[in-house]
Amino acid sequence: MNDANVLRERRRRVEAAWSASGHDVPVLIPASLPIPIDGTDQFHEFHAHPEFQYLTGVAEPGAALAWEPDAGWTLFAPSLTIEDLVWMSAPPSADELAGTTGVGRAQDRAELGGWLESQRGRDLALLGSRDIEARASEYGVDAWSTLEAVVDEDATERLGQALAELRRAKDALELDRMTRAVDAAVAGHLAAQRHARHGLSERALQIEMEAEFFRQGGARTAYSSIVGSGPNSAILHGTPGERVMHDGELVLIDAGAEIEGYASDVTRTFPVSADFIGIQRDIYNVVLASQEEAIAAAGPGVEYKSLHLQASATIARGLVDLGLLRGSTEDLVAADAHALFFPHGLGHMLGLSTHDCAGYLEGRVPEDRFGLAYLRTDLPLAPGYVVTIEPGIYFVPALLTDPERRERYTEMVNWEMVDELLDFGGIRIEDDVLITDDGCDVMSKALPKAAAEIEAIRREGLGAAHG
Ligand SMILES: [Mn+2]
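Numbered according to the working numbering, the sequence shown spans residues 1 to 467.
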């Protein structure tokens, strides 16, 4: 696979969509600049704008891409002063960037001002980072405000929407990067599952896992790793801390690596001792069944929301079987009773960020309902889409001790049983799933998830620690 050819084809599709949109305007896509940390001489970790990264395949701070309906693409390469070069490594030259990105016309950023001058008096769509409006001089553009090229907000929105829609289906180069990101995540999760033991802190486990991400090529984590032990496993976005894990508790790890801008996002929940005990195993198996059923049903043309509702029904039915909920599955899901224990969506689009763009079909909006409000994806799936499938069951004390909810769900919930499980924590199982022509492929399938398989890994890890 020649990367530059894939990138050229990617831009050809975008160009065709933009030309067909009826918005006959030039487009500027700045990569974004490093963001200073207030009160220091440091910068936040640099993240290129995903639209720039998608269109070029690279992440160069201060670069910009331009497109004109008649003249096509021009890439403006960043440049540094001699003073900067004392402190920083040199960015790739315009010629080098032309080679890696396949954009034939690559120029030094000093030419960007001239390009903008040549658009003087025309409307312009401004995609990518809008930091150029306030920080034009750092892109080498003097007097942005005196340029009469006006940002056409309507065209910006329409062309941005067209780009977001094209970004849903991943091409070969994206899937190569995502596969590597997922493989690094799997290796890190396995390392953590082997390393966990009674007396270890969440933070110590995070360090072992992330070290493996980085050994496997991860440039950084795709998002702040979540490692929660005991009751902390019910905090959906919990930050690993000094809390020490104990035999008899569960540990939930939701973490992924990022490679060349692409994210992986994987969750497993496992016991600190070798085995799931008592109701842990039963609840685990309900979550696993709901996850496996959703994966089995995922494929082209399937509405993601229907997978969410199907998983919600499986969770409701499982909680009835365990004695936690009372009533028919239909009534419970219609009343959002399952959402007391599954208070988030089934998952989201994955790609250049962990919650990738365009999760909602144009015209659709999130519903107000408790059981659907946090669903981040509402569209029919299609080949090339990568989504996460990540149901869970949690005992979130804030939700389950809320008097209003206790009142509303008096009959549907076995509150005595809930009270005994308030420090249970939570269980989530998440895989990254590529939609194919005839179903789906679980990209993270190398990471076991059956209870017995997880127990075998735990036993092996604990044996190695003692042996
Ligand atoms: Mn996720």
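Glycine included, each C-beta is placed from N, C-alpha and C at the ideal position.
Per DSSP, which one or two residues make a beta bridge with residue i?
{"i": "cysteine 440", "result": "Ile435"}
{"i": "alanine 64", "result": "Pro30 and Phe76"}
{"i": "isoleucine 389", "result": "Asp431"}
{"i": "aspartate 254", "result": "Ile226 and Thr267"}
{"i": "glutamate 303", "result": "Pro380"}
{"i": "serine 201", "result": "Val244"}
{"i": "methionine 349", "result": "Val387"}
{"i": "arginine 220", "result": "Glu258"}
{"i": "valine 413", "result": "Leu325"}
{"i": "tyrosine 360", "result": "Asp378"}
{"i": "glycine 371", "result": "Its beta-bridge partners do not exist; DSSP assigns none."}
{"i": "phenylalanine 43", "result": "Pro36"}
{"i": "tyrosine 394", "result": "Gly426"}
Is any heavy atom of ligand 1 found at a distance shorter than 7 Å from the C-beta of residue i?
{"i": "aspartate 265", "result": "yes"}
{"i": "threonine 354", "result": "yes"}
{"i": "glutamate 258", "result": "no"}
{"i": "glycine 347", "result": "yes"}
{"i": "threonine 388", "result": "yes"}
{"i": "glutamate 138", "result": "no"}
{"i": "glutamate 430", "result": "yes"}
Less than 8 Å between CB atoms is the rule here; does residue i satisfy it with respect to chain C?
{"i": "alanine 125", "result": "The chain inventory of the structure shown lacks chain C, comprising one protein chain alone."}
Given that a residue counts as buried once 16 or more other Cβ atoms are within 10 Å of its Cβ, and exposed if not, what is residue i?
{"i": "glycine 39", "result": "exposed"}
{"i": "threonine 81", "result": "exposed"}
{"i": "glycine 230", "result": "buried"}
{"i": "aspartate 498", "result": "No statement about residue 498 is possible, as the shown extent of the chain runs from 1 to 467 and does not include it."}
{"i": "glutamate 148", "result": "exposed"}
{"i": "phenylalanine 42", "result": "A small correction: the amino acid at residue 42 is glutamine; phenylalanine does not occupy that position in the sequence shown. Glutamine 42 should be labelled exposed."}
{"i": "glycine 426", "result": "buried"}
{"i": "aspartate 30", "result": "The question names aspartate, yet the displayed sequence has proline at residue 30. That one is buried."}
{"i": "asparagine 5", "result": "exposed"}
{"i": "leucine 85", "result": "exposed"}
{"i": "methionine 87", "result": "Strictly speaking, residue 87 in this sequence is tryptophan, with methionine absent from that position. Classification of tryptophan 87: exposed, given that the 10 Å Cβ count is below 16."}
{"i": "threonine 410", "result": "exposed"}
{"i": "proline 69", "result": "exposed"}
{"i": "alanine 125", "result": "buried"}
Every unbroken alpha helix (DSSP H) inside the stretch 87 to 173 [4 residues or more]
94 to 101, 112 to 118, 132 to 135 and 153 to 168
Answer yes if the stretch 374 to 391 comes into contact with the stretch 344 to 362, meaning at least three C-beta pairs across the two stretches below 8 Å, and no otherwise.
yes
Counting pairs of beta carbons, one from the stretch 319 to 327 and one from the stretch 412 to 425, are three or more of them closer than 8 Å?
yes
Using 8 Å as the Cβ pair cut-off and three pairs as the minimum, do the stretch 270 to 281 and the stretch 179 to 186 touch?
no
Using 8 Å as the cut-off, can you tell me whether the stretch 226 to 241 makes contact with the stretch 165 to 180, which would need three or more C-beta pairs spanning the two stretches below that distance?
no
Quick test of the definition: if touching needs 3 or more C-beta pairs under 8 Å, does the stretch 369 to 385 touch the stretch 395 to 402?
no
For a minimum of 4 consecutive residues, which ranges assigned as the alpha helix (DSSP H) are wholly contained in the stretch 271 to 340?
279 to 297, 304 to 321 and 329 to 334
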